[in-house]
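Comments concern the structure below.
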Amino acid sequence: MTKDRLPALRAAQHGEDSDPDAAYVAINMEDNSRFMSDFFAHIDSLRTNIDKISELVEEVKRLHSTILAAPQADDRTKEELEEKMADIKKIANDVRLKLKKLEQEQEQEQSQPLTNKTQAQLRIEKSQLFVLTQQFRDVMNNYNQVQLGYRQKCKERIQRQLEITGRSVTEGEVEEMLESGNPAVFTQGIMVETAQAKQSLADIEARHGDIMKLEKSIRELHDMFIDMAALVQTQGEMIDRIEYNVVQSENFVKAASTDTKKAVKFQSAARRKKILLILCLIITVLDGLVLKDSD
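If you use UniProt numbering, the sequence shown closes out at 295, no skipped numbers anywhere.
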């Protein structure tokens, strides 16, 4: 909805009748304030979602510990784990898309010759977005490490259960079995005559299923990390460009100030020379009059 600017124009007109630019200045300051307010509202919303992901990751870690500690994982616990992972995926994708959108908007503003925002405002926004993107990357990296840690513990659990059934395998062999994607590879040749063997077999199949689900999540995280790495690099380059423009502006202002001082100095020197010339002319005229009178 378009904002009514009439009150701002009237206020500027009554308050600064002698200044024709007062209304424009009032509106421009109002626009800048609104832009910054909207930007920080987006930043706060994204930060809240990143904090939510961090909380969910802690919940996932707790559920991992519960599942690994149980002889046989409860179905409800596994369902809760899947729900937490689905929530993380949904929120993370939303954050990633919004970060990219903000980055694209800032890229466009930076490339425009005329913008309502100052270089200082662009630098503040870009720095805020850069820090937030790094925080998001760190949280997702932590989640990835949690997933990899759980995968490793599931592998160790499978290896132990296979040893209980009398089948000794190395970690490399377990990895090859996982890559096959077929749980029967783990259980072929295992005698299930005892209750313990049956429990071990069930646990092996359950851990295999857990790892298969993890593989998909880890692949998705890998793709997200590549996207985030590219985004962080792009933002870093843009911050460098903004910093360069700020430095160039400062150098221009300093150079202009120096040139102004030189101009004032030259003007003062020229004025002094002019005065001295006039004095010389006056003295010459007076000398001429004195000589004439003496004749």
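Cβ coordinates follow ideal geometry from the N, Cα and C atoms, glycine included.
The segment 51 to 64 in contact with the segment 101 to 108 per 3-pair CB rule at 8 Å: no
Per-residue burial, GLU79 [other beta carbons within 10 Å of its own, 16 or more giving buried]: Here the question's residue 79 lines up with position 79 in the sequence shown. Looking at its Cβ environment, which holds fewer than 16 other Cβ atoms inside 10 Å, GLU79 is exposed.
Proximity test, LEU132 beta-carbon vs the ligand NAP heavy atom, cut-off 7 Å: The model on display carries no ligand, and the ligand NAP is accordingly not part of it.
Coarse secondary structure for SER168, derived from DSSP in three states: If you number the sequence shown from 1, residue 168 lands on position 168. It is coil, neither helix nor strand.
Cut-off 6 Å between Cβ atoms - residues of its own chain near MET228, not counting five sequence neighbours on either side: Sequence index remark: in the sequence shown, residue 228 carries index 228 (1-based). So the qualifying residues of the chain are ARG137.
Among GLN159, THR165 and GLU163, the one whose alpha carbon lies nearest that of GLU171: Position 171 of the sequence shown holds residue 171. Cα-wise, what sits closest to GLU171 is GLN159.
Simplified DSSP assignment, three categories, for LYS117: One-based indexing of the sequence shown puts residue 117 at position 117. Here LYS117 sits in coil by DSSP.
Backbone CA spacing between THR77 and LYS61 [nearest angstrom]: For this step, residue 77 is matched to residue 77 along the sequence shown. For this step, residue 61 is matched to residue 61 along the sequence shown. Cα-Cα distance, rounded: 12 Å.
Cβ-based neighbour list, MET140, same chain, cut-off 8 Å, excluding 5 preceding and 5 following: Locating residue 140 in the sequence shown gives position 140, counting from the first residue. Once the five neighbours on either side are set aside, the close Cβ partners of MET140 are ILE53, ALA92, LEU221, MET224, PHE225 and MET228.
Residue range of the unbroken alpha helix (DSSP H) whose run includes GLN104: The sequence position of residue 104 within the sequence shown is 104, counting from 1. 75 to 111 is the span of the alpha helix (DSSP H), which, as asked, contains GLN104.
Within 8 Å, strictly: CB atoms of LEU68 and ARG157: For the purposes of this step, residue 68 is identified with residue 68 of the sequence shown, where counting begins at 1. For the purposes of this step, residue 157 is identified with residue 157 of the sequence shown, where counting begins at 1. Cβ distance < 8 Å, so LEU68 and ARG157 count as in contact.
Of the listed residues LYS153, LYS117, GLN134 and LEU214, nearest to SER37 (C-alpha basis): Locating residue 37 in the sequence shown gives position 37, counting from the first residue. Comparing Cα-Cα distances from SER37 to each of LYS153, LYS117, GLN134 and LEU214, the minimum goes to LYS117.
DSSP state of ALA202 mapped onto helix, strand, coil: Here residue 202 refers to the residue found at position 202 of the sequence shown. Three-state DSSP puts ALA202 in a helix.
Three-way DSSP call (helix, strand, coil) for GLN72 in this model: Along the sequence shown, one-based indexing puts residue 72 at 72. Looking at GLN72 - three-state DSSP - the assignment turns out to be coil, as it is neither helix nor strand.
Nonlocal neighbours in the same chain, by C-beta distance under 6 Å from ASP203, ignoring five residues either side: Residue mapping note: residue 203 aligns to position 203 of the sequence shown, counting from 1. Only GLN161 meet the Cβ criterion.
8 Å contact criterion, which LEU46 and VAL95 should meet: CB distance rounded: Counted from its first residue, the sequence shown places residue 46 at position 46. Counted from its first residue, the sequence shown places residue 95 at position 95. Confirmed, about 6 Å.
Proximity winner among GLY209, SER180, VAL146 and VAL131, relative to residue 300 (alpha-carbon distances): Look at the range of the chain in this structure, 1 to 295, and you will see that residue 300 is not part of it.
Cβ distance (whole Å) where ILE218 is taken to contact TYR143 below 8 Å: Within the sequence shown, the letter at position 218 stands for residue 218. Within the sequence shown, the letter at position 143 stands for residue 143. Not confirmed; about 10 Å, so no contact.
Rounded C-alpha distance that separates PHE39 from LEU129: Taking the first residue of the sequence shown as position 1, residue 39 is located at position 39. Taking the first residue of the sequence shown as position 1, residue 129 is located at position 129. Whole-angstrom Cα-Cα distance: 10 Å.
Cβ shell of GLN106 (< 8 Å), same chain only, five flanking positions each side left out: Residue 106 sits at position 106 when you count from the first residue of the sequence shown. Cβ within range, chain order: LEU122, GLU125, LYS126, LEU129 and MET238.
Integer-rounded CB distance, given that GLU59 should sit under 8 Å from LYS84: Position 84 of the sequence shown, counted from the first residue, corresponds to residue 84. Position 59 of the sequence shown, counted from the first residue, corresponds to residue 59. The Cβ separation is near 5 Å, so the contact holds.
Distance, HIS42 Cα to GLU49 Cα: The residue labelled residue 49 in the question sits at position 49 within the sequence shown. The residue labelled residue 42 in the question sits at position 42 within the sequence shown. One detail in the question is off: residue 49 reads as Asn in this sequence, not Glu. Cα-Cα distance, rounded: 11 Å.
Per-residue burial, ASP74 [other beta carbons within 10 Å of its own, 16 or more giving buried]: Here residue 74 refers to the residue found at position 74 of the sequence shown. So ASP74 counts as exposed.
Residues near THR66 in its chain [Cβ-Cβ closer than 7 Å; skip 5 each side]: If you number the sequence shown from 1, residue 66 lands on position 66. If we look at THR66 and ignore the five residues flanking it on each side, its Cβ neighbours are THR77.
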